[in-house]
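**Student:**
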Ligand code: NDP
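Numbering (my numbering), first residue to last: 37 to 443.
(1) Please indicate yes or no: does the CB of residue 211 lie closer than 7 angstroms to some heavy atom of the ligand NDP?
(2) Using only the heavy atoms of the ligand NDP, determine whether one of them is closer than 7 angstroms to the beta carbon of residue 48.
(3) Assess contact between the segment 115-130 and the segment 141-148, defined as three or more Cβ pairs (one per stretch) separated by less than 8 angstroms. Is contact present?
(4) Tell me the DSSP bridge mates of residue 135?
(5) Would residue 44 pass as a contact of residue 115 if the rule is Cβ separation under 8 angstroms?
(6) When we look at the beta-carbon of residue 28 and count the other beta-carbons within 10 Å, is it buried (16 or more) or exposed?
(7) DSSP three-state call for residue 231: helix, strand or coil?
(8) Answer with buried or exposed for residue 127, where buried requires no fewer than 16 other C-beta atoms within 10 angstroms of its C-beta.
(9) Quick check: the segment 334-346 against the segment 144-153, are at least 3 beta-carbon pairs closer than 8 angstroms?
(10) Any contact between the segment 273-288 and the segment 188-196? By contact I mean 3 or more CB pairs, one from each, below 8 angstroms.
(11) Have a look at 60, 58 and 90 and flag the residue whose alpha-carbon is nearest the alpha-carbon of residue 73.
(12) From the DSSP output, in three-state form, read off residue 101 for me.
(13) Should residue 370 be labelled buried (16 or more other beta-carbon atoms within 10 Å of its own) or exposed?
(14) Find out if the Cβ-Cβ distance for the pair residue 225, residue 302 is shorter than 8 angstroms.
(15) Going by DSSP, name the residue or residues bridged to residue 351.
(16) Just reading off the beta strand (DSSP E) that residue 308 is part of, what are its end residues?
(17) With burial defined as no fewer than 16 other Cβ atoms inside 10 Å of the residue's Cβ, what is the status of residue 50: buried or exposed?
(18) Which word fits residue 298, buried or exposed, when buried means at least 16 other C-beta atoms lie within 10 angstroms of its C-beta?
(19) Rounded to whole angstroms, what is the Cα-Cα separation between residue 202 and residue 320?
(20) Please say whether residue 47 and residue 341 have beta carbons closer to each other than 8 angstroms?
(21) Could you tell me the alpha carbon to alpha carbon distance between residue 261 and residue 230, rounded to whole angstroms?
(22) For residue 187, is the beta carbon positioned less than 7 angstroms from some heavy atom of the ligand NDP?
(23) Tell me where the beta strand (DSSP E) around residue 435 begins and ends.
(24) Rounded to the nearest angstrom, what separates residue 406 and residue 438 at their Cα positions?
(25) Would you report the Cα separation of residue 293 and residue 215, rounded to the nearest angstrom?
(26) So, does the segment 155-163 touch the segment 407-423, judging by three or more C-beta pairs under 8 angstroms?
(27) Can you tell me whether DSSP reads residue 59 as helix, strand or coil?
(28) Would you call the CB atoms of residue 347 and residue 396 closer than 8 angstroms?
(29) Give me whichever residues DSSP pairs with residue 191 in a beta bridge.
(30) Ends of the alpha helix (DSSP H) at residue 425?
(31) For residue 105, which of 133, 78 and 233 has the nearest alpha-carbon?
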């Protein structure tokens with residue numbers, strides 16, 4: 037596993053809990069101390085799996101190749117940042133390793149994500165006889181598997197798909213993001229995008245919003261965003277007439293986000309800054325990226341867990357033609373308690389809902405259930421064994437048939 041952040045910590049705990057499937061395991065990241073700390077916490081919690089750790093810069097293909105040739109992993113779980121997807125895929129191809137991630141590639145200097153860069157690896161993975169599993173977190177990930185499950189069991193034709201993501205938690209901080217702040221702020225400040233009648237429709241950032249009611253939570257203002265799983269789902273389910281993604285934000289969060297943008301702190305280009313040298317011997321002109329600097333002063337998402345109350349609720353609201361030829365609606369969702377996630381893994385619910393599916397995807401691969409040479413989004417595999425594991429591994433799902441979808 038590459039990365040030692042919030043998501044990686046949860047995935048590591050879950051891997052240690054499933055030591056009958058995962059027999060040999062290594063955590064490698066930019067800082068080895070963070071990997072060692074995860075192992076220490078896992079062993080303190082009573083899990084016995086022997087876990088190796090290593091330092092690696094995942095931007096550097098040669099370093100990755102040396103590491104992979106040494107440890108010889110069958111599967112590399114990429115839980116670093118989207119910037120490292122391609123270097124890790126290159127090293128996997130060079131060393132004969134299979135690949136899994138939770139977020140699609142983004143170039144560092146452009147706030148833009150799409151699957152084309154990773155889909156371009158299809159032929160090379162196929163020829164090498166290696167499997168690459170893309171987007172195996174919650175969204176993308178579980179939401180794509182929910183859609184595949186609905187298509188397999190409940191619908192002849194899925195026509196309308198709305199993915200709804202609510203975080204009704206309270207971490208008692210004025211402003212914090214629930215996963216890597218740089219990636220999070222880049223995602224939210226982009227233009228909105230949804231699929232309708234065979235084409236993409238663009239909106240201004242956070243332009244479209246409405247109240248949606250979430251189970252056990254109630255109504256929350258939900259904003260239409262572009263989200264990566266829509267891109268593959270409309271290709272894999274061509275009967276979809278409209279596909280959208282909604283996420284809740286509180287007014288306090290949006291107020292801070294607006295100020296951050298207005299004062300230029302969300303910029304991702306380099307600015308020159310004159311900084312004093314640590315030894316006091318003078319000053320140096322340095323280049324900093326404001327959004328990366330902001331990350332350094334914001335709360336670390338990994339530290340939010342302790343006082344986090346409330347829960348997340350993420351699901352798919354689907355309308356289409358059922359197997360009986362009549363129109364039906366279907367809502368499948370999971371609610372996850374931040375406190376329960378923290379008590380189990382020391383991390384909050386957003387890291388939990390991403391790390392658990394990453395482990396289950398790896399389990400599907402290791403058990404031989406999700407193995408086919410090439411590069412695939414998760415909905416292209418059998419959803420049933422994955423759905424079964426969600427119930428066993430801490431993310432149980434619920435269904436509402438023929439309810440009011442509000443959309
Ligand atoms: P964090 O920032 O907490 O963790 C990222 C980890 O990767 C850190 O340990 C970091 O090192 C390490 N890292 C960064 N750059 C390098 C590098 N060049 N070489 C080696 N290691 C590196 O992020 P999260 O845990 O919150 O998120 C992890 C991933 O999960 C992200 O890609 C994110 O987009 C994705 N995600 C997906 C979701 C989904 O539902 N599909 C939801 C939430 C997140 P260091 O600790 O030293 O900074």
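We treat Cβ as the ideally placed atom computed from N, Cα and C, and that holds for glycine. Bear in mind the structure is a predicted one, so any value in this text is a computation, not a measurement.
**Tutor:** The answer reads as follows:
(1) no
(2) no
(3) yes
(4) 112 and 168
(5) yes
(6) An answer regarding residue 28 cannot be provided, because it is not within the stretch 37 to 443 covered by the chain.
(7) strand
(8) buried
(9) no
(10) yes
(11) 90
(12) helix
(13) buried
(14) yes
(15) 200 and 369
(16) 307-312
(17) buried
(18) exposed
(19) 45 angstroms
(20) no
(21) 8 angstroms
(22) no
(23) 434-437
(24) 31 angstroms
(25) 15 angstroms
(26) yes
(27) coil
(28) no
(29) 358
(30) 419-428
(31) 133
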